[in-house]
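*Asks:*
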Amino acid sequence: LLLELESKHELRPEEQLQLAAALDARGEWEAAHERYRKHLQKYSDSLAGRHAYCTALLKHAAEHLELLDVVAEQLIELLRLEPRSWRTRAMEARLLAARDKPAEAAALVKSVVDARLAVKDEARIRMLLEQENAVELLLALSRTNAAREQKDLIAVLTDAARKIRRGQLDEA
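FYI, the numbering used here numbers position 70 of the sequence shown as 121, with every residue one higher than the one before it.
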């Protein structure tokens, strides 16, 4: 179905990534690789696309070590787009581990975790919003039932902050 939609130029950006992942899962890495590259040429600020591409590249890097250089190039862009994001730092740690630098990878993960644990309460939410791409967070939130029911993302965020103050972190 995705290939048919692609032939008609009717794929949404997230479907392009789904197609690339499906092709990769079927063992068609070259076709998947080309889809990822085309997606990023068209949507250069696509965080989801860069992360998916890096994950796929790392999967194939054991057989093709030169792909680690491509991951490093993508990581430069990810660090530019979301410099304090946990998922970008995690990708950086995965690259370090793939380059046989496990001590550096572990140190990087530990520093990010320690920084997150040191911040408490509402300051933690602020830090998370700064570390993660707030636009993607709001888009994800807008797709939740809470946002659909209330239609006001500010109301949803305010309610979450109230729950955090009451210690209801899981609910928030």
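Note that beta-carbon positions come from the ideal geometry of N, C-alpha and C, so glycine has one too.
Would DSSP call His115 helix, strand or coil?
*Replies:* Coil, per DSSP.
*Asks:* Which same chain residues, not among the five before or five after Leu74, have their C-beta less than 7 Å away from its C-beta?
*Replies:* Within the same chain, Leu74 has close Cβ partners Ala82, Ala83, Arg86.
*Asks:* Rounded to the nearest angstrom, what separates Ala148 and Ala99 at their Cα positions?
*Replies:* So the two alpha carbons sit approximately 21 Å from each other.
*Asks:* Pick out whichever of Gln125, Val163, Lys110 has its Cα sitting closest to the Cα of Gln92.
*Replies:* Considering only alpha carbons, the answer is Gln125.
*Asks:* So, are the CB atoms of Ala107 and Ala144 less than 9 Å apart?
*Replies:* Not in contact: Ala107 and Ala144 (Cβ atoms no closer than 9 Å).
*Asks:* Could you give the residue range of the alpha helix (DSSP H) that holds Lys89?
*Replies:* Its alpha helix (DSSP H) spans residues 80 to 93.
*Asks:* What number of angstroms, rounded off, separates the C-alpha of Ala157 from the C-alpha of Glu128?
*Replies:* Cα to Cα, the separation comes out at about 22 Å.
*Asks:* Output the boundary residues of the alpha helix (DSSP H) element that contains Arg145.
*Replies:* Start and end: 137 to 149.
*Asks:* Buried or exposed: Gln219, going by 16 or more other Cβ atoms within 10 Å of its Cβ?
*Replies:* Gln219 is exposed by the Cβ-count criterion.
*Asks:* Can you tell me the Cα-Cα spacing of Arg77 and Lys152, whole angstroms?
*Replies:* Going from the Cα of Arg77 to the Cα of Lys152 covers about 31 Å.
*Asks:* Classify His90 as buried or exposed, calling it buried when 16 or more other Cβ atoms lie within 10 Å of its own Cβ.
*Replies:* By the neighbour-count rule (16 or more Cβ atoms within 10 Å), His90 is buried.
*Asks:* Out of Lys59, Ser58, Leu53, which one is the CA nearest neighbour of Leu68?
*Replies:* The candidate whose alpha carbon is nearest that of Leu68 is Leu53.
*Asks:* What's the C-alpha gap between Arg135 and Ser162?
*Replies:* Looking at the two C-alpha atoms, the distance is approximately 12 Å.
*Asks:* Mapping DSSP to helix, strand and coil, what is Pro134?
*Replies:* In this structure, Pro134 counts as coil in the three-state DSSP scheme.
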